[in-house]
Structures are given as structure tokens and as C-alpha cells.
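Peer 1: Be aware that the sequence shown starts at 2, since it is given in our numbering, and climbs by one per residue.
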Amino acid sequence: MGCKMAKILVYNNATNRMETYIRGENERMPYNYGKTLTVGEFRGNSNSNTLWTDRTTMETWNQFRAYYGRPIPVGAAFKRPWEGGHSQQSQHYAGTAFDTGQQVLTNEQRAVLRQRARDFGNWSYIEPVSISPTWVHFDKRFGSPACSSGGFPQISIGSRGNYVLIAQDALNALGITGSGLDGYFGNGMKAAVTKFQSANGLSANGIVNCETWVKLLQKTVGIGRTRTVID
Ligand SMILES: [Zn+2]
Numbered sequence: 002m003g004c005k006m007a008k009i010l011v012y013n014n015a016t017n018r019m020e021t022y023i024r025g026e027n028e029r030m031p032y033n034y035g036k037t038l039t040v041g042e043f044r045g046n047s048n049s050n051t052l053w054t055d056r057t058t059m060e061t062w063n064q065f066r067a068y069y070g071r072p073i074p075v076g077a078a079f080k081r082p083w084e085g086g087h088s089q090q091s092q093h094y095a096g097t098a099f100d101t102g103q104q105v106l107t108n109e110q111r112a113v114l115r116q117r118a119r120d121f122g123n124w125s126y127i128e129p130v131s132i133s134p135t136w137v138h139f140d141k142r143f144g145s146p147a148c149s150s151g152g153f154p155q156i157s158i159g160s161r162g163n164y165v166l167i168a169q170d171a172l173n174a175l176g177i178t179g180s181g182l183d184g185y186f187g188n189g190m191k192a193a194v195t196k197f198q199s200a201n202g203l204s205a206n207g208i209v210n211c212e213t214w215v216k217l218l219q220k221t222v223g224i225g226r227t228r229t230v231i232d
């Protein structure tokens with residue numbers, strides 16, 4: 002990756018503000034202490050110039066790393082919906098999920114890491130070995146899922162943070178511009194959401210509710226990089 006620099010958007014849960022950092026691949030992530038999580042590790046195999054996460058997730062990583070007491074090899078964390086591969090409402094799109102231990106740890110070591118993640122108690126979800134046998138996935142989740150089956154919370158005008166970024170990114174990838182890529186749900190984004198809803202036979206209320214999340218991600222996941230995406 003050489004001297005490539007990433008733009009990192011961080012939702013500060015304590016101040017309800019978005020923060021922007023410019024960092025190299027070998028530098029630590031914002032709010033990471035002791036350089037236990039570099040930008041390159043957080044990026045994994047994402048090709049994105051822009052990455053995002055939130056302060057609480059980074060601080061939870063710090064706490065878990067200290068609790069576990071040794072390096073945690075990260076294979077991937079961040080992924081954009083249009084980079085493909087993941088489920089419709091993956092926490093990797095929010096920058097709050099980690100896939101760890103693949104290719105470095107043995108099955109026995111992964112079993113210990115998974116158990117330590119459970120004992121730690123501050124992750125929202127730890128994937129069972131039946132779903133991820135060769136890596137250990139844990140993540141942070143915020144708010145109540147918009148869909149009863151789980152996933153992202155409903156967002157609407159005035160919302161801020163990681164989930165707003167996912168929706169903005171999806172709208173941009175589909176060529177519906179006007180919402181930016183800044184984590185703020187303003188009037189431009191409301192108009193973009195309404196336009197998307199109208200074009201897809203949904204109730205055009207400008208609110209990213211369950212049916213809007215489902216349709217937005219159905220249309221975006223796996224489409225590949227497009228020229229309409231804002232970096
Ligand atoms: Zn994962």
C-alpha cells in the first residue's frame with residue numbers, strides 16, 4: 002500500500018459529531034491505543050479510499066485487546082456494500098465488525114479467542130463456530146434494528162453516524178446523488194431517499210425504515226465499484 006493515505010470518518014458517540022482523519026496504512030486507527038489496530042488491518046481487503054467506524058467500537062477494541070492480553074490478528078473489518086460478498090445488513094458495512102484469527106491462529110487458538118470474546122461481555126454479537134469455522138467474528142451494534150429480523154436501525158432527518166454513511170454510500174453507488182458521504186442525514190439526503198423510494202415502489206416518506214434498508218442493500222450489495230460512488 003506504500004504511502005497511500007486513507008480518509009477515515011469517525012462517529013464520536015460521546016459528542017454526536019462526525020470526525021475526519023487522514024492516516025497512512027501503517028498508522029493506528031483513531032481512538033486506538035498502543036497501535037494494536039492499524040488502518041491497513043482495519044481495511045482488510047477493501048479497496049476503499051474512505052473508511053468509517055465510531056469511537057465506541059474503537060474503544061471496545063482497545064478494552065478487548067487488553068483483556069485478551071496478546072495480539073489479535075485481523076483479517077478484515079471494514080467493507081463497503083458494493084464491494085460484495087456479505088449479507089444484506091452486515092455490520093462490516095458499519096465499520097463495527099472484526100473478522101479475526103484466519104490464517105494465523107489454529108482452530109484451538111480461535112476457540113480460545115471466541116470464548117474470550119464471549120467472556121469479555123462488551124461485544125454485541127459473536128458469531129458461532131458453525132457459521133465462521135475458520136475465523137472469529139465479533140461486532141458492536143447500536144440502536145434497535147428497523148427490521149424484526151435484525152440489522153440496521155431506522156434513520157431519518159437529523160440522524161448521524163455509521164448507519165447514515167452506509168445509506169449515503171448505497172445511494173451514491175446507485176447514482177442517486179445529493180446525500181454526500183459525511184454521516185449527516187440532512188435535507189439533501191431526505192430528498193435522495195424519497196427519490197429512491199419512489200423509483201422502487203416504496204412509501205416515499207424519506208425515512209430509511211426496514212423496507213427501504215432491504216431494497217437499498219438488495220440493489221447495492223455486490224454491484225462492484227461504480228463511477229458514481231463518492232470517495
Ligand atoms: Zn465478519
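Note that CB positions come from ideal geometry on N, CA and C, so glycine has one too. Remember, predicted model here, so these are calculated numbers, not experimental data.
Specify the secondary structure class of Y32 as computed by DSSP and reduced to three states.
Peer 2: Note: Y32 maps to coil in three-state DSSP.
Peer 1: Per the contact definition of three or more C-beta pairs closer than 8 angstroms, is the segment 193-204 in contact with the segment 17-28?
Peer 2: In short, these stretches do not touch, since the Cβ pair count stays below three.
Peer 1: Can you tell me the Cα-Cα spacing of N14 and G35, whole angstroms?
Peer 2: If I take the Cα positions, the gap works out to 21 angstroms.
Peer 1: Is the number of C-beta pairs between the segment 95-109 and the segment 68-83 that are closer than 8 angstroms three or more?
Peer 2: Yes, they touch.
Peer 1: Given this structure, state the Cα-to-Cα distance separating F43 from V222, to the nearest angstrom.
Peer 2: F43 and V222: Cα-Cα distance of roughly 20 angstroms.
Peer 1: Could you check which residue in N17, T16, T57 has the C-alpha nearest to that of M30?
Peer 2: Closest option to M30, Cα to Cα, is T57.
Peer 1: Could you compute how far the alpha carbon of S160 sits from the alpha carbon of E60?
Peer 2: Each residue's alpha carbon lies about 22 angstroms from the other.
Peer 1: From the DSSP output, in three-state form, read off N210 for me.
Peer 2: Correct three-state label for N210: coil.
Peer 1: Going straight from the alpha carbon of S282 to that of K5, what length do you get?
Peer 2: Absent from the model: residue 282. The displayed extent of the chain is 2 to 232, so no value can be given.
Peer 1: How is the alpha helix (DSSP H) around G189 delimited, first residue to last?
Peer 2: G189 -> alpha helix (DSSP H) spans 188-200.
Peer 1: Using three-state DSSP, classify W53 as helix, strand or coil.
Peer 2: Residue state, collapsed to three classes: strand.
Peer 1: Is any non-hydrogen atom of ligand 1 found closer than 6 angstroms to the C-beta of A98, if you look at the structure I gave you?
Peer 2: A98: yes, Cβ under 6 angstroms from ligand 1.
Peer 1: Can you grab the Cα-Cα spacing for the pair W131 / A192, in whole Å?
Peer 2: It should be pointed out that residue 131 corresponds to Ser in this sequence rather than to Trp. In a straight line, the C-alpha of S131 is about 42 angstroms away from that of A192.
Peer 1: Note down, one range per segment and in chain order, each alpha helix (DSSP H) of at least 4 residues found wholly within the segment 126-150.
Peer 2: Here no run is fully enclosed.
Peer 1: Rounded to whole angstroms, what's the CA-CA distance from L106 to I127? Just pull it up for me.
Peer 2: About 17 angstroms.
Peer 1: Just to confirm the assignment: which complete beta strand (DSSP E) runs, minimum length 3, are found wholly within the segment 80-107?
Peer 2: Runs of the beta strand (DSSP E) inside the segment 80-107: 98-101.
Peer 1: For L166 versus W53, is the C-beta distance shorter than 7 angstroms?
Peer 2: Closer than 7 angstroms, so yes.
Peer 1: Please identify the residue among V215, K216, G184 whose C-alpha is closest to the C-alpha of R18.
Peer 2: The residue with the shortest Cα to Cα distance from R18 is G184.
Peer 1: Would you report the Cα separation of V209 and S88, rounded to the nearest angstrom?
Peer 2: V209 and S88: Cα-Cα distance of roughly 18 angstroms.
Peer 1: Apply the 10 Å Cβ neighbour rule to A67 and answer buried if 16 or more other Cβ atoms are within range, or exposed otherwise.
Peer 2: A67 comes out exposed.
Peer 1: Using the Cα positions of F121 and G202, report the straight-line distance between them to the nearest angstrom.
Peer 2: For F121 and G202, the distance between alpha carbons rounds to 44 angstroms.
Peer 1: Per DSSP, which residues does Y22 bridge with? Please list them.
Peer 2: In DSSP, Y22 forms a bridge with I9.
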